[in-house]
Amino acid sequence: MQHLNQLYRYASSMKVGITLLCLSALLAAAGSVFYPDAFFQTVLFKLIFLLLFSNMVLCSFNQISKFVKLRSNGRRSKWFCLKRISLVTLHAGIVLIMVGGATNAYCSQSTQVTVTEGNTVDLSTIIPSQRALQLRLNQFEISFYANGSPSQYYSRVSITDDSRYADNYTISVNHPLNYAGIKIYQESFGYMVNVKVDSGTGGVPGKLLAEGQTINIPGTDRSIKAYKYIPDFVPDYGMNTRSLKPNNPKVVYSVYEKEALLGIGLASFGEKIEISKGVYVNFNGVTPFAVLRIKRDPGILIVATGGLMLIVGVCLSMLYPLQKKNKPQFAKKEDRIYGL
Amino acid sequence: MAYSIKIFIYFILVLYVSASICYLAGSKNTFANRMALWLAVGGFLSNLVLLVVFTYTGKRLPLATGNEFLLSFICITALVYLIFEMITKTNNAGGVVMLIEVLLLLVFIILMPDQMEKASPLLPALKSHWLTIHVLTAVLSYSGFTLAAGLAFGQLRTTNSNGEAFIYRIVTVSFALLSLSIVLGAIWAEQAWGSYWSWDPKEIWALITWIVYAVYLHLRKQREWRGKPAIIMVLVGFSIVLFTFLGVNYIMPGLHSYAGLNELETILII
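Going down the list, the protein sequences come from chains A and B.
Residue numbering for the first sequence follows my numbering, starting at -10 and increasing by one per position.
Residue numbering for the second sequence follows my numbering, starting at 9 and increasing by one per position.
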C-alpha cells in the first residue's frame, strides 16, 4: 500500500510532469527535423504522450482534492480560490485537448473526394452513416482580384438526404459545410479536358480526360495524352499559366504510337489536330472538378471544450500575479534613475 | 512608391540603431538616455506610419504575410518596451530590445527585399478573421517575450529580485497570449484545412516554445530555480521564439510557408 502511495505521488508529481514535458519538447524538435512525416506516429511518441496524459490527469485530480481540502479547512481567500480554480481549469483543459486529440487520431474519419461538375458522390459510402446522403457538385467557380489572382474558390453543391431534396450550399475555403455531423471542406480543384476524336467514319463521343490521362484513337495504333491544361497561356511563362483566368486556354498534348512518343504540341480549344491521315482530335473545353475533404471528428467538441478551458485558466492565472504581495515594486519617485 | 518605402525602412533602421547605441552607451548619462528614449519613440512612430501605409494600400491589417508579421512584430515590440519604460522608469532592457529590433529589421531588409513595397492580395486560406486575431496575439506574445529577454539579458550582470519578478510577470502574460494564439490558430486551421493540428513544423515549434515557457513558469516557483537559472531559461525560450518565427519559415517548409510558391503551387494548400 505504501509502495502504491509512493508510486502515485511520483507519477502525479510536478517533477515527472516537467521531465516529460522537456522530453516531449526535445523529441518533437528532433522529430520535426529528422522524421517530419512519421515521428508523431511512432510508439515512442505515443508512449511519452500517454505518460504525460497520466501525469496531467493525476495532477489535475490532486489540484482539485487540494482545493476542496483547503477550502473545507477554512482557507477561502479570493486570491487563493482564483489561483486554484485557474490552475485546475488550465490543467483540465490540457487533459481534454489530449483526450480530444486521441479521439481524433483513433475515431475520426477523413477522406478526400474528387467530384466533377454535374456529378454526384454518395457520402454515406465515404463516412458510414445511417442516412443516405448524396452530394452533387452543381458548379465550381473561382472569383478573382483585380490583378487576376484568385480570391476565393466556391463549390456550389446540393445534398439529397434520404431521397429528399435538400437545400443548395456553397463550400469555400475557410467556410466548410457542416451537414448532419459531417464537415465538407474546399481543399483543391482541377480540370478535366474534353476530348473529341473524329476518324472520318463518324465521330467518337467526347470523353473527359484528367491531366496526364491518355485516350486510344480508334482505327489506329496511336494514342493522345492531355498532358496539361493552361488557362492563361503566355509563351514567356512556358508550361506555367500566367493566371487562373481562362484568358488564353491551351492544352499541352503528346501523341504516341505503341507507347513511343511521336510528338508534343499545344492546341487551342476547337483546334483540329491531325493524328494520322483523316483522323483528327480536338479539345472542346474543360470541365472543372472540386477536391473536397469529407470529415467526421467525434473528438472536436472535446478539443474545443479543452481549448476554451485552457484559455479561461490561463487568463485567470494572469490575474493571480496582480495581487499586491506578488506585485514587483516600481522604483520610488526619488529613486527613479535611468540605466539601472 | 517602392523606392520611398525602402528609404523609409532604412530611416527606421537608423533610428533603432541610434536608440540602441544611446541606451547601451548612456547607462549613467541622462542626456544619452533622453536621446535614446526619443530615438526609440521616433523609430516606433515611423514604424507605425509604415504599417498604416501598408494597411491603407492593402485595405486590410498588415498581419498576413511574413514581411507584414515582422514589421508588426518590430513595431509592437517597440511599443511594449516604451510602455514598460514609461511605467517603470527603468531602461536597462532598452539597449538589448532595440538591438533585437535592429536585427529583426535587418532580417526584413536582407531576406525579404522584394516584399518591401507589396501589400499583395490575400490567398483564400488567409481570408479569415481568425487569422487576424491569431496573428495579433502571436505578435503580442512574441513582443512580450522579446521584452522579457531584454530584461533577462540585463539581469545576467546584476541579480535583482525585483527585475526578475518583472520578467516573470511579463512571461506570464506573454505565455497566456501564446496559448491564446495557438488555440485561435487551431480554430482557423480547422476552418481552412479541416484539421486543427497537422504537426506542421510551425505548429510543432510553437508547441515547443509553449512547453519551454510552461516549464519556466513551473520551475520558477521552486526557490532553487530562481535567479540565474530562471533568467537563462527566459533567454533559451526567446531563442526558440526566434527560431519558431524565422528558422522554421526558412528551413522547414510547411503549411505556414507561403513564400516562394507560385500561384499553382498555392492551389495545393488552399
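The beta carbon of each residue, even a glycine, is placed where N, CA and C say it ideally should be.
Report all residues from its chain with a CB closer than 8 Å to the CB of A/Gln(-9); omit the five preceding and five following residues, and keep chain order.
Excluding residues within five positions, none has a Cβ falling inside 8 Å.
Suppose you measure from the CA of B/Leu148 to the CA of B/Phe81; what does that come to, to the nearest Å?
Straight-line measurement puts the Cα of B/Phe81 at about 8 Å from the Cα of B/Leu148.
Using a cut-off of 8 Å between C-beta atoms, extract the partners of A/Gln136 located in chain B.
The residue asked about is misnamed: residue 136 of chain A is Asn in this sequence, not Gln. For a Cβ distance threshold of 8 Å, residue set Pro129 of chain B lies close to A/Asn136, ordered along the chain.
Rounded Cβ spacing between A/Asp210 and A/Lys172 (contact assumed at less than 8 Å):
Rounded, the Cβ-Cβ distance is 48 Å, inconsistent with contact.
With which residues is B/Leu119 paired in a DSSP beta bridge?
According to DSSP, B/Leu119 bridges with nothing at all.
Inter-residue Cα distance where the pair is B/Leu186 and A/Gly107:
Each residue's Cα considered, the two are about 45 Å apart.
Whose C-beta lies closer than 7 Å to the C-beta of B/Leu90 among residues of the same chain, with five residues either side of it excluded?
Counting only Cβ-Cβ distances below 7 Å, and skipping sequence neighbours, we find Ala48, Val49 and Phe52.
Taking only beta-carbon positions, decide if B/Ala184 is within less than 7 Å of chain A.
Taking 7 Å as the threshold, the shortest C-beta distance from B/Ala184 to chain A falls below it.
Along chain A, which residues have their Cβ under 9 Å away from the Cβ of B/Gly255?
Neighbours of B/Gly255 on chain A: none; closest Cβ ~10 Å, over 9 Å.
CB contact flag (B/Trp178, B/Gly152, <7 Å):
First, the residue type needs correcting, since residue 178 of chain B is Ile and not Trp in the sequence shown. Going by C-beta atoms, B/Ile178 is nearer than 7 Å to B/Gly152.
Please go through the same chain and pick out, in chain order, the residues whose beta-carbon is closer than 8 Å to the beta-carbon of A/Gly259, but skip the five residues on each side of it.
Cβ within range, chain order: Asn271, Phe272 and Asn273.
Between the beta-carbon of A/Ala199 and the beta-carbon of A/Val240, is there less than 7 Å?
No; because the gap between Cβ atoms is not below 7 Å, this pair is not in contact.
Extent of the continuous alpha helix (DSSP H) run through A/Asn237:
Boundaries for A/Asn237: no alpha helix (DSSP H) harbours it, and the DSSP string shows neither H nor E there.
So what does DSSP say about A/Met228, is it helix, strand or coil?
Here A/Met228 sits in coil by DSSP.
Along chain B, which residues have their Cβ under 9 Å away from the Cβ of A/Arg282?
What A/Arg282 touches in chain B: Trp201, Gly202 and Ser203.
Contact check, A/Gly179 vs A/Val268 under 8 Å by CB: the rounded distance?
Rounded to the nearest angstrom, the Cβ distance from A/Gly179 to A/Val268 is 28 Å, too far for a contact under 8 Å.
Any beta-carbon of chain A closer than 7 Å to the one on B/Ala133?
Residue contact check for B/Ala133 against chain A: a CB pair falls below 7 Å.
Consider the Cβ of A/Ile7: report whether some Cβ of chain B lies at a distance smaller than 7 Å.
Judged by the 7 Å Cβ criterion, A/Ile7 is in contact with chain B.
Quick one: using the 10 Å Cβ neighbour count with 16 as the cut-off for buried, is B/Val223 buried or exposed?
Result: buried.
I need the boundaries of the beta strand (DSSP E) containing A/Phe133, first residue and last residue.
DSSP places A/Phe133 in the uninterrupted beta strand (DSSP E) bounded by Leu122 to Phe133.
For the beta strand (DSSP E) containing A/Val185, list its first residue and its last residue.
Note on identity: in this sequence residue 185 of chain A is Lys, with Val being the wrong assignment. Per DSSP, A/Lys185 belongs to the beta strand (DSSP E) from Ile171 to Asp187.
Just to confirm before moving on: does the CB-CB distance between A/Val292 and A/Ile86 stay below 7 Å?
The Cβ atoms of A/Val292 and A/Ile86 sit closer than 7 Å to each other.
Go ahead and label A/Ile253 buried or exposed: buried means 16 or more other beta carbons lie within 10 angstroms of its beta carbon, across all protein chains shown.
So A/Ile253 ends up on the exposed side.
Assess, as a yes-or-no matter, whether the segment 99 to 118 of chain A is touched by the segment 275 to 289 of chain A under the definition of 3 or more beta carbon pairs within less than 8 Å.
Touching, yes, given that three or more Cβ pairs across the two stretches are closer than 8 Å.
Given that A/Gly296 touches chain B, what residues does it touch there, using C-beta distances under 8 Å?
Among the residues of chain B, those whose CB is under 8 Å from the CB of A/Gly296 are Val191, Ala194 and Ile195, following chain order.
If the cut-off is 8 Å on Cβ atoms, which residues from the segment 209 to 228 of chain B count as contacting chain A, listed in chain order?
The residues in question are Pro209, Ile212, Trp213, Leu215, Ile216, Ile219, Val220, Ala222, Val223, His226 and Leu227.
Looking only at DSSP bridge pairs, what is A/Thr103 linked to?
According to DSSP, A/Thr103 bridges with A/Val280.
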